[in-house]
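Worksheet: one structure, shown below.
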Amino acid sequence: MTAKELREYGLVLGNIVGVHSMNKEELLKAIKEAIGITDESGDKLFAKEIAKVKVEIRSLKAGRDKAREDGDKKQVEILRKRIGRLKKKTRRLSAAG
C-alpha cells in the first residue's frame, strides 16, 4: 500500500491521531497497534532446530576424524558431504527465521 492509502485507512480506523504528518513506517506501526497486530521479533524461529543440527554436525565431525585416522577414505568422503549439507541447512534456517 502507498502512504496515501495508509493515511486513508488510518482515518477510517479513527483512533490514530496525526495521520497526515506520519511517514509510511510510522503509519504502519500505528495501524498495527490499532488493529492489535504484534511483531514477532527477538528469538529466531528456528533456533532450537539449528542447535539440534549443529549437535549432529559435531558428532559427524568426530566420526569423520576417526575415519580419517583409520584411513577409510570412502567414509571420510561420505561424512564430509553430509556435514556440508547440514551446514547449508543451518544457513538456510538462519536466513528464514
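Sequential numbering of the sequence shown, starting at 5, is according to our numbering. Just so you know, even glycine gets a beta-carbon here, dropped at the ideal spot from N, CA and C. Keep in mind it's a predicted model, so treat the numbers as computed, not measured.
Q: Please report how far the alpha carbon of residue 79 lies from the alpha carbon of residue 39, in whole angstroms.
A: In the sequence shown, the residue the question calls residue 79 occupies position 75. In the sequence shown, the residue the question calls residue 39 occupies position 35. Residue 79 and residue 39: Cα-Cα distance of roughly 57 Å.
Q) Would residue 70 pass as a contact of residue 94 if the rule is Cβ separation under 8 Å? A) Translated into the one-based positions of the sequence shown, residue 70 becomes position 66. Translated into the one-based positions of the sequence shown, residue 94 becomes position 90. Cβ atoms of residue 70 and residue 94: not closer than 8 Å.
Q: Could you say which of 73, 77, 55 lies nearest to residue 90 if we only look at CA atoms?
A: In the sequence shown, residue 90 corresponds to position 86, counting from 1. Checking every option, the nearest Cα to that of residue 90 belongs to 55.
Q) Once you ignore the five residues that flank residue 15 on each side, which residues in its own chain have a CB closer than 8 Å to its CB? A) Position 11 of the sequence shown, counted from the start, is the residue given in the question as residue 15. Excluding residues within five positions, the ones whose Cβ falls inside 8 Å are 23.
Q: Just mark residue 41 as buried or exposed, buried being the case when its beta carbon has 16 or more other beta carbons within 10 Å.
A: Counting from one through the sequence shown, the residue named residue 41 turns up at place 37. Looking at its Cβ environment, which holds fewer than 16 other Cβ atoms inside 10 Å, residue 41 is exposed.
Q: Determine the DSSP secondary structure at residue 69, reduced to helix, strand or coil.
A: Position 65 of the sequence shown, counted from the first residue, corresponds to residue 69. Note: residue 69 maps to helix in three-state DSSP.
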